[in-house]
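Numbering (my numbering), first residue to last: 1 to 451. Reading through the structure tokens given below for one structure.
Here it is in structure tokens:
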């Protein structure tokens, strides 16, 4: 063991890995600078098992030169990631660094390039989970987005430069720069938040289970009738009832909350879940589209079936300003759905209007689509449609509001009900809400192995 290496990072690695399973690599690599000796080059790297799954692990050691990154430390990280790819095992990275070693100049920059390249290759090849333990400043902050899941400790901070510099150049409160709240609610960079090593281990085991164990034994009844599920139920209640008990893990819970994404299981089969949370907003935002696109990429990479629970009236109004990314972000999301060759299954539980149908339920893109018997499916909502189709009749009516309501109701029943749409061949079946679980399990089993 190299001298003067603090044990804190080793304790964290010990807490997340199986007992006595961690085998360190390049332990004695050491550099020197005019300021200090860099024991172990400020990086711990090696291989271990987590719940009997072999993984590659690298971690900045903040107690050695503030976890700063130089040529040799970068090489240790790159080598660990590259070896994990060769061995086809997940990469677990623990980030805590003050940034580059400025004294090394271009050598440090070349080291950064090697780390980023290795992680870019790993992302999509093997499961990649990055953990931000404390402060993560400089170019290493970009890695937090180059992974399947970024987990942060509740006191962590992530920024492209130190908060002191950013606050001075942007005139914002230094205390608010790069906090977990900023990145879990504002930027959507952080997928999960933990308080300690034990909680971190549990989250990693859950994530690796979904990505590496597509089918597990299920104790929940595949034929369980979801009696608590009905029109108007909260989306969180629907998810809890429909999927295997306690199997759903939500990601980016505090970001773009009109969209819910996460992993769940149906009769033991791992699936990706995308749901519209109309209790927050019935319309999709640019952030919501980005959230879904990021999640869809992981589902595509690991061949997970995707289940959509649809209650969406389309996109929010486009302001068409220079800073408005809505069109681009939704276009990227649509590309992800159409590029996805995994099984795609949709349940329209409420409204599927305009983009809400095209993106999340269309038979052109989805393998199997069903709708609750109370669902509404159309180009516009019933009132807007009635005001267009029956404008003269409404204008000539004595009670215009009542006429509009009657025409809207009539249109909804005659042209936009689930049964009418099913008769036209645009959805596969109309179901009662309580049978949603059975239909989803049957569909996942039927389409899950498609080529």
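Glycine included, C-beta positions come from ideal geometry on N, C-alpha and C.
Item to check | Neighbour-count burial assignment, residue 158, 16 or more Cβ in a 10 Å radius | outcome: Indexing the chain shown from 1 puts residue 158 at position 158. It is buried - the Cβ of residue 158 has at least 16 other Cβ atoms within 10 Å.
Item to check | Three-state secondary structure assigned by DSSP to residue 206 | outcome: Translated into positions along the chain shown, residue 206 becomes position 206. Helix.
Checklist entry - I think residue 239 touches residue 50, with their Cβ atoms under 8 Å apart; what is that distance to the nearest whole Å? => result Residue mapping note: residue 239 aligns to position 239 of the chain shown, counting from 1. Residue mapping note: residue 50 aligns to position 50 of the chain shown, counting from 1. The Cβ separation is near 26 Å, so there is no contact.
Item to check | Beta carbon proximity, residue 150 to chain C, threshold 8 Å | outcome: Of the protein chains in the structure, only one exists, and it is not chain C.
Checklist entry - How about residue 453 and residue 416: are their beta carbons less than 8 Å apart? => result Because the chain is modelled from 1 through 451, residue 453 falls outside the range shown and cannot be assessed.
Item to check | the stretch 142-156 in contact with the stretch 221-228 per 3-pair CB rule at 8 Å | outcome: They do not touch, by the three-pair rule.
Item to check | Contacting residues, own chain, Cβ-Cβ under 8 Å from residue 432 (five flanking each side not counted) | outcome: Here residue 432 corresponds to residue number 432 of the chain shown, with the count starting at 1. Excluding five sequence positions before and after residue 432, the CB atoms of its chain that fall closer than 8 Å to its own CB belong to 372, 373, given in chain order.
Next on the checklist: Within 10 Å of its beta-carbon, does residue 361 have 16 or more other beta-carbons around it, so buried, or fewer, so exposed?
Outcome noted: As a first step, residue 361 is located in the chain shown; it is residue number 361 there, counting from the start. Residue 361 should be labelled buried.
Checklist entry - Would you report the Cα separation of residue 304 and residue 212, rounded to the nearest angstrom? => result Numbered from its first residue, the chain shown carries residue 304 at position 304. Numbered from its first residue, the chain shown carries residue 212 at position 212. Roughly 10 Å between the two C-alpha positions.
Checklist entry - In angstroms, rounded to a whole number, what distance separates the CA positions of residue 328 and residue 18? => result As a position in the chain shown, residue 328 is number 328, starting the count at 1. As a position in the chain shown, residue 18 is number 18, starting the count at 1. Taking the straight line joining both Cα atoms gives about 44 Å.
Checklist entry - Do residue 144 and residue 95 have their CB atoms nearer than 8 Å? => result Residue mapping note: residue 144 aligns to position 144 of the chain shown, counting from 1. Residue mapping note: residue 95 aligns to position 95 of the chain shown, counting from 1. Yes, the Cβ-Cβ distance between residue 144 and residue 95 is below 8 Å.
Checklist entry - Which two residues bound the contiguous beta strand (DSSP E) that contains residue 137? => result Numbered from its first residue, the chain shown carries residue 137 at position 137. Run containing residue 137: 128-137, per the beta strand (DSSP E) assignment.
Next on the checklist: For residue 48 and residue 210, what's the separation of their Cα atoms in angstroms?
Outcome noted: The count along the chain shown starts at 1 and reaches residue 48 at position 48. The count along the chain shown starts at 1 and reaches residue 210 at position 210. Their backbone Cα atoms lie some 19 Å apart in a straight line.
Checklist entry - Would the beta-carbon of residue 100 fall within 8 Å of that of residue 69? => result Within the chain shown, numbered from 1, the residue matching residue 100 stands at position 100. Within the chain shown, numbered from 1, the residue matching residue 69 stands at position 69. Yes, Cβ-Cβ distance for residue 100 and residue 69 is below 8 Å.
Checklist entry - Beta carbon of residue 67, beta carbon of residue 98: below 8 Å? => result Along the chain shown, read from residue 1 onward, the residue named residue 67 stands at position 67. Along the chain shown, read from residue 1 onward, the residue named residue 98 stands at position 98. It is a contact, given that the beta carbons lie within the stated cut-off.
Item to check | Short Cβ contact (8 Å threshold) for residue 276 with residue 309 | outcome: Position 276 of the chain shown, counting from 1, holds the residue named residue 276. Position 309 of the chain shown, counting from 1, holds the residue named residue 309. Result yes, Cβ atoms of residue 276 and residue 309 sit closer than 8 Å.
Item to check | Classification of residue 258 by the beta-carbon crowding that lies within 10 angstroms, buried from 16 upward | outcome: As a working note, residue 258 is residue 258 in the chain shown. Looking at its Cβ environment, which holds 16 or more other Cβ atoms inside 10 Å, residue 258 is buried.
Checklist entry - How big is the Cα-Cα spacing for residue 325 and residue 261? => result Locating residue 325 in the chain shown gives position 325, where the first residue counts as 1. Locating residue 261 in the chain shown gives position 261, where the first residue counts as 1. Approximately 21 Å between the Cα atoms of the pair.
Checklist entry - Is residue 34 helix, strand or coil when you go by DSSP? => result Within the chain shown, numbered from 1, the residue matching residue 34 stands at position 34. Note that residue 34 scores a pLDDT of 49, beneath 50, so its modelled location is shaky; the value from the coordinates is reported in the next line. Of the three classes helix, strand and coil, the one that applies to residue 34 here is coil, per DSSP.
Checklist entry - Among the residues of its own chain, which have a CB less than 6 Å from the CB of residue 133, if the five just before and after it don't count? => result Along the chain shown, one-based indexing puts residue 133 at 133. The residues are 94, 96, 153.
Checklist entry - Where DSSP assigns a beta bridge to residue 351, which residues make up the other side? => result Position 351 of the chain shown, counting from 1, holds the residue named residue 351. DSSP, once it has assigned bridges, lists 376 as partnering residue 351.
Item to check | Identity of the residues DSSP links to residue 344 by a beta bridge | outcome: Sequence index remark: in the chain shown, residue 344 carries index 344 (1-based). DSSP lists 306 as partners of residue 344.
Item to check | Contact the stretch 115-131 vs the stretch 266-284: 3+ CB pairs below 8 Å | outcome: no
Checklist entry - Where does residue 149 fall in DSSP's three states? => result Stepping through the chain shown from its first residue, residue 149 is reached at position 149. In the structure shown, residue 149 sits in a strand (DSSP, three-state: E or B).
Checklist entry - With burial defined as no fewer than 16 other Cβ atoms inside 10 Å of the residue's Cβ, what is the status of residue 195: buried or exposed? => result Walking along the chain shown from the start, residue 195 turns up at place 195. So residue 195 counts as exposed.
Checklist entry - Where does residue 283 sit, in a helix, a strand or coil, going by DSSP? => result The residue you call residue 283 lines up with position 283 of the chain shown. Residue 283: coil per DSSP, three-state reduction.
Next on the checklist: Helix, strand or coil, according to DSSP, for residue 192 in the structure here?
Outcome noted: For the purposes of this step, residue 192 is taken as residue 192 along the chain shown, with counting starting at 1. Correct three-state label for residue 192: strand.
Checklist entry - From the DSSP output, which residues share a beta bridge with residue 24? => result As a position in the chain shown, residue 24 is number 24, starting the count at 1. Looking at the DSSP assignment, residue 24 forms a beta bridge with 46.
Item to check | Minimum C-alpha distance to residue 26 - residue among 77, 11, 197, 300 | outcome: Translated into the one-based positions of the chain shown, residue 26 becomes position 26. Nearest C-alpha to residue 26: 77.
Item to check | Minimum C-alpha distance to residue 218 - residue among 441, 43, 332, 236 | outcome: Residue numbering aside, residue 218 sits at position 218 when the chain shown is read from its first letter. Checking every option, the nearest Cα to that of residue 218 belongs to 441.
Item to check | Selection from 344, 89, 114, 221 that minimises the alpha carbon distance to residue 268 | outcome: Within the chain shown, numbered from 1, the residue matching residue 268 stands at position 268. Ranking the options by Cα distance to residue 268, first place goes to 221.
Item to check | Backbone CA spacing between residue 91 and residue 82 [nearest angstrom] | outcome: The count along the chain shown starts at 1 and reaches residue 91 at position 91. The count along the chain shown starts at 1 and reaches residue 82 at position 82. Residue 91 and residue 82: Cα-Cα distance of roughly 10 Å.
Checklist entry - Exposed or buried, residue 455, counting other C-beta atoms within 10 Å across all chains shown (16 or more means buried)? => result Outside the shown range of the chain (1 to 451) lies residue 455, about which nothing can therefore be said.
Checklist entry - For the beta strand (DSSP E) that contains residue 60, what are its first and last residues? => result Position 60 of the chain shown, counting from 1, holds the residue named residue 60. First-last of the beta strand (DSSP E) with residue 60: 53-60.
Next on the checklist: Less than 8 Å between the C-beta atoms of residue 13 and residue 74, yes or no?
Outcome noted: Along the chain shown, one-based indexing puts residue 13 at 13. Along the chain shown, one-based indexing puts residue 74 at 74. No; because the gap between Cβ atoms is not below 8 Å, this pair is not in contact.
Checklist entry - Who are the Cβ neighbours of residue 375 in its own chain at under 6 Å, not counting the five residues just before and after it? => result Taking the first residue of the chain shown as 1, we reach residue 375 at position 375. So the qualifying residues of the chain are 348, 418.
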